[in-house]
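With the working numbering applied, the sequence shown covers 9 to 240.
In this text, a Cβ means the ideal position worked out from N, Cα and C, and glycines have one as well.
The structure presented is a predicted model; accordingly, all values stated were derived computationally and were not measured.
Worksheet: one structure, shown below.
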Amino acid sequence: MTIEVQQIYKAYHSLQVISDLNLSLGDNKIHCFFGPSGCGKTTLANLIVGLLKADNGTIAGLQDRRMAYVFQEDRLLPWATIQENLSFVLKKSYDKDKLRAVIDYHLKLVELEAFKNSYPAELSGGMRQRVALARALAYEAEIMILDEAFKGVHLELKSALMDYVGKYVEERRLLTILITHDMEEALYLADDIYFFEGLPLKLIRHETIDIPKGERRHRAKDLAAYKEKLFR
Ligand SMILES: Nc1ncnc2c1ncn2[C@@H]1O[C@H](COP(=O)(O)OP(=O)(O)OP(=O)(O)O)[C@@H](O)[C@H]1O
Ligand SMILES: [Mg+2]
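This is how it looks when you write it as structure tokens:
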């Protein structure tokens, strides 16, 4: 089901962050929100998932759909181990044995299996972000929000994780919102890129990337040309 954002307004006290924004986000696609720091991307994502309430306007298409959200800051529970952080979110979805296997699988995926009994404070920022990503991927959602989800992840793992996320989203037919400042990330994963400016948040351009996902890695030249065209 498409998410329809219609005539949304949002202010924080006297700061008008969003003013009459309209957006239509189709299912089974990775929608990338691209724009400068402070333009309102996270605010828009929070409105879409219902963590914030708009002052005016409607957002339709979310009814009872399971959502996974990798927040820009990792939002782990500081008093719980990494394993417990995942378990806390996932325990309703799996029986005990399956839960352990799912947690082990996803911590291995983000190269953190050795840290499952550590506490968030014992991990670096990038490591905590990987835990948050593992937690979101393990949660079988229908909508996924990735707010700077790959930041602080080293290059090699980042490209493996982007591959994984791309396939994961395609197989599950997830509607995904990818918020990033990283052109490569946008070009590699996105079906649609929304270029925003602020404040208030304004959609200045919407582009659809028509290079098939499976070919993007091997078509560096096309991507370079795209990059010039898109991120001018
Ligand atoms: N809880 C809040 N209270 C007051 N102002 C806020 C709040 N959250 C965000 N803002 C303001 O709203 C504007 C948009 O913030 P937002 O976090 O949505 O930007 P962003 O595009 O996600 O930026 P970044 O790329 O740096 O994460 C900023 O000017 C910020 O100062
Ligand atoms: Mg943000």
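Contact test: residue i Cβ vs ligand 1 heavy atom, cutoff 7 angstroms
i	result
G160	no
S45	yes
V25	yes
Y176	no
Y20	yes
Proximity test, Cβ basis, 8 angstroms: residue i and chain C
i	result
A149	Absent from the structure is chain C; it holds one protein chain and no more.
Pick from the options that is closest to residue i, judged by C-alpha positions
i	options	result
K210	I153, V177, K166 and L29	L29
G134	E192, L94 and L120	L120
R213	F41, T188 and Q71	F41
E130	I217, A228, A232 and W87	W87
R224	D171, E205, P128 and L23	D171
I111	M9, F123, S95 and K100	S95
G206	L31, D200 and P44	P44
L52	L165, H226, A109 and Y20	Y20
M9	L182, K235, Y196 and R227	L182
D72	A149, L165 and R83	A149
T50	R240, I187 and K235	I187
R83	K116, L195, E193 and A157	A157
D35	G222, S22 and R180	R180
A146	S132, D105, S32 and S101	S101
M191	A142, A122 and I217	I217
L221	F203, Y196, G58 and Q80	One point to set straight first is that residue 221 is Lys, not Leu, in the sequence displayed. The shortest Cα separation from K221 among F203, Y196, G58 and Q80 belongs to Y196.
L141	A122, S27 and L117	L117
I201	H189, E215 and E193	E215
H189	L23, L165, P208 and L154	L154
A198	F204, P208 and G174	G174
G46	V25, R240, L59 and S32	V25
F239	G58, F123 and A194	A194
Own chain, CB closer than 8 angstroms to residue i, minus 5 neighbours either side, in chain order
i	result
N125	T89, I90 and Q91
K243	Examination of residue 243 is not possible in this model, given that the chain is present from 9 through 240 alone.
Own chain partners of residue i with C-beta closer than 7 angstroms, once the 5 adjacent residues on each side are dropped
i	result
D5	This structure does not reach residue 5, given that the chain is present from 9 up to 240, and the question cannot be answered.
A62	I16, Y17, K18 and L55
I161	Rather than Ile, the amino acid found at residue 161 in this sequence is Val. So the qualifying residues of the chain are G134, Q137, R138 and L169.
G65	Q14, Q15, I16 and Y17
K159	Q137
A76	A144, Y147, A149 and M152
S27	Y17 and P208
Residues near residue i in its chain [Cβ-Cβ closer than 6 angstroms; skip 5 each side]
i	result
A168	none
A68	E12
T184	I38, M152 and V177
K237	none
A3	This structure cannot settle anything about residue 3, because the visible part of the chain is limited to 9 through 240.
Any non-hydrogen atom of ligand 4 closer than 7 angstroms to residue i Cβ
i	result
L207	With respect to ligand 4, the structure shown offers nothing to examine, as its ligands consist of ligand 1 and ligand 2.
Heavy atoms of ligand 2 versus C-beta positions, residues under 7 angstroms: Here the residues come out as K49, T50, Q80, D155, E156 and I187.
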